[in-house]
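Only one structure is covered here, and it is reproduced in the block below.
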Amino acid sequence: MAKKTKLVFACKECGYNSPKWMGKCSGCGAWNSFVEELDTSKVRPSRRAALNTSTKPQRINEVQPLASSRIPTGILELDRVLGGGFVPGTAVLLAGDPGIGKSTLTLQAAHKYAQATGRAVLYVTGEESAEQVKLRAERLDCLSNELF
Numbered sequence: 043m044a045k046k047t048k049l050v051f052a053c054k055e056c057g058y059n060s061p062k063w064m065g066k067c068s069g070c071g072a073w074n075s076f077v078e079e080l081d082t083s084k085v086r087p088s089r090r091a092a093l094n095t096s097t098k099p100q101r102i103n104e105v106q107p108l109a110s111s112r113i114p115t116g117i118l119e120l121d122r123v124l125g126g127g128f129v130p131g132t133a134v135l136l137a138g139d140p141g142i143g144k145s146t147l148t149l150q151a152a153h154k155y156a157q158a159t160g161r162a163v164l165y166v167t168g169e170e171s172a173e174q175v176k177l178r179a180e181r182l183d184c185l186s187n188e189l190f
């Protein structure tokens with residue numbers, strides 16, 4: 043990690059650091075105990091620095107796709123639209139008008155995945171209560187011990 047050098051004010055009594063001079067130390071309560079020092083604390087690299095890779099330009103025809111396993115939903119049309127299922131580590135935005143069936147489709151896909159794999163699935167919603175989700179699951183026959 044890169045070292046960054048800047049001035050800080052440190053309390054002589056307890057070592058508390060502050061970016062500005064303070065009359066009273068917030069750490070120990072001592073008065074007029076701050077002295078100016080160089081701060082050499084480690085600085086985390088920015089997110090932009092993490093994106094800076096040494097990848098060279100390539101012809102698109104020469105790019106080798108990564109082998110990725112897909113997680114089928116068990117809903118044929120949804121799997122077709124997703125290219126065979128969900129790709130692990132990716133996010134899918136399901137959008138549409140109110141009442142079109144986004145929550146129903148998502149609950150069915152979660153249930154089918156839990157049923158097929160025996161793995162736990164967490165269904166998260168910001169608009170519906172747990173009771174509403176349960177009623178929908180009962181109506182769709184999507185009750186499962188693996189569905190949370």
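To convert, take the position in the sequence shown, counting from 1, and add 42; that gives my numbering. A virtual CB, placed ideally from N, CA and C, is assigned to each residue, including glycine.
Can you list, in chain order, the residues of its chain with a C-beta nearer than 8 Å to that of residue i? Leave out the 5 residues immediately preceding and following it.
i	result
Tyr165	Thr148, Leu149, Ala152, Val175, Leu189 and Phe190
Lys144	Leu136, Ala137 and Gly138
Leu182	Thr146, Leu149, Gln150 and His153
Phe51	Asn59, Ser60, Pro61, Lys62, Trp63, Met64, Phe76, Val77, Glu78 and Glu79
Ile117	Leu147, Gln150, Ala151 and Lys154
Gly125	Arg112
Taking just the CA atoms, how far does residue j sit from residue i?
i	j	result
Gly168	Gly65	47 Å
Asn187	Leu108	34 Å
Ser110	Leu120	18 Å
Trp73	Arg161	60 Å
Gln106	Glu180	45 Å
Val123	Gly57	60 Å
Pro130	Glu104	24 Å
Val163	Leu177	18 Å
Ile102	Thr132	22 Å
Lys98	Glu173	53 Å
Gln100	Gly141	44 Å
Val134	Ser171	22 Å
Is residue i buried or exposed, if buried means 16 or more other CB atoms sit within 10 Å of its CB?
i	result
Ser68	exposed
Ser75	buried
Ala158	exposed
Ala156	buried
Thr115	buried
Can you find the residues in the same chain that come closer than 6 Å, C-beta to C-beta, to residue i, ignoring five residues on each side of it along the sequence?
i	result
Lys48	Asp81
Phe128	Ile113
Leu185	Ala179
Glu55	Cys70, Ala72 and Ser75
Might you give, ordered along the chain, the residues of its own chain that have their beta carbon closer than 7 Å to the beta carbon of residue i, omitting 5 neighbours on each side?
i	result
Cys53	Cys67, Gly69, Cys70, Ala72, Ser75 and Phe76
If you scan the region 56-140 from start to end, which runs of the alpha helix (DSSP H) of 4 or more residues do you find wholly inside it? 89-93 and 118-123
Fully enclosed by the region 137-167, which alpha helix (DSSP H) runs are 4 residues long or longer? 144-159
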